[in-house]
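A.B. asks:
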Amino acid sequence: MSEETDKYLDSKFAEAITYDAHTILLRQKPSRASVFEELIHSAQYGTGKNDGSYISRLKCEIEAQEKILRYRLTKIEVEQTEKALNDYKNELKLYYKKGGV
12 MSEETDKYLD SKFAEAITYD AHTILLRQKP SRASVFEELI HSAQYGTGKN DGSYISRLKC
72 EIEAQEKILR YRLTKIEVEQ TEKALNDYKN ELKLYYKKGG V
């Protein structure tokens, strides 16, 4: 976490990013939901659930959003998480509809 990290995340339109099981970028003042999500993603990389492919990334995002909703979150965090969950589910449906395997 640093000003430089915040600028990088701004350029990616991201609250946080997990690159692998050991590398997480967080804003200087991250939301609890962001911290939970990135820790879940780190574990997904560590267990091999996320192999870096488009389809595994979508499935991991969906799993992470569903897990986050089990935590005590603010109303805004719940709304953002539910929106993200719906967006990822729709993206996955579209992928399959277009012939993805």
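Quick note, the sequence shown lines up with residues 12 to 112 if you use our numbering. Cβ atoms here follow ideal geometry from the backbone N, Cα and C, with glycine treated the same way.
#1: To which residues of the same chain is Tyr30 closer than 8 Å at the C-beta, ignoring the five residues directly before and after it?
#2: Under 8 Å: do the region 38-50 and the region 59-68 share three or more Cβ pairs, one atom per stretch?
#3: Could you name the residues of the same chain whose beta carbon sits closer than 6 Å to that of Tyr23, not counting the 5 residues immediately before and after it, in chain order?
#4: Would you identify the three-state DSSP class for Tyr82, choosing helix, strand or coil?
#5: With a floor of 3 residues, list each beta strand (DSSP E) that falls wholly inside the region 25-91, ordered by position along the chain.
#6: What are the start and end residues of the alpha helix (DSSP H) that includes Lys18?
#7: Mapping the DSSP letters down to three states, classify Lys109 as helix, strand or coil.
#8: Assuming contact is defined by CB atoms lying nearer than 8 Å, are Tyr99 and Phe47 in contact in what I supplied?
#9: Go ahead and label Tyr56 buried or exposed: buried means 16 or more other beta carbons lie within 10 angstroms of its beta carbon, across all protein chains shown.
#10: Any idea if His33 is buried or exposed, counting beta-carbon neighbours within 10 angstroms, 16 or more meaning buried?
C.D. replies: Walking through what the data contain:
#1: As a first step, residue 30 must be located in the sequence shown, where it is residue number 19. Closer than 8 Å at the Cβ level, and outside the excluded window around Tyr30, lie Leu36.
#2: no
#3: Within the sequence shown, residue 23 is the residue found at index 12, counting from 1. The sequence as given places Lys at residue 23; Tyr does not occur at that position. If we look at Lys23 and ignore the five residues flanking it on each side, it has no Cβ neighbours.
#4: Mapped onto the sequence shown, residue 82 falls at position 71. Reduced to three states, the DSSP call for Tyr82 is coil.
#5: 27-31, 34-37
#6: For the purposes of this step, residue 18 is taken as the residue at position 7 of the sequence shown. Start and end: 14-22.
#7: Reading the sequence shown from its first residue, position 98 is the one you call residue 109. It is coil, neither helix nor strand.
#8: On the sequence shown, position 88 is the one that residue 99 refers to. On the sequence shown, position 36 is the one that residue 47 refers to. No.
#9: Position 45 of the sequence shown, counting from 1, holds the residue named residue 56. Buried.
#10: Counting from one through the sequence shown, the residue named residue 33 turns up at place 22. Flag for His33 reads exposed.
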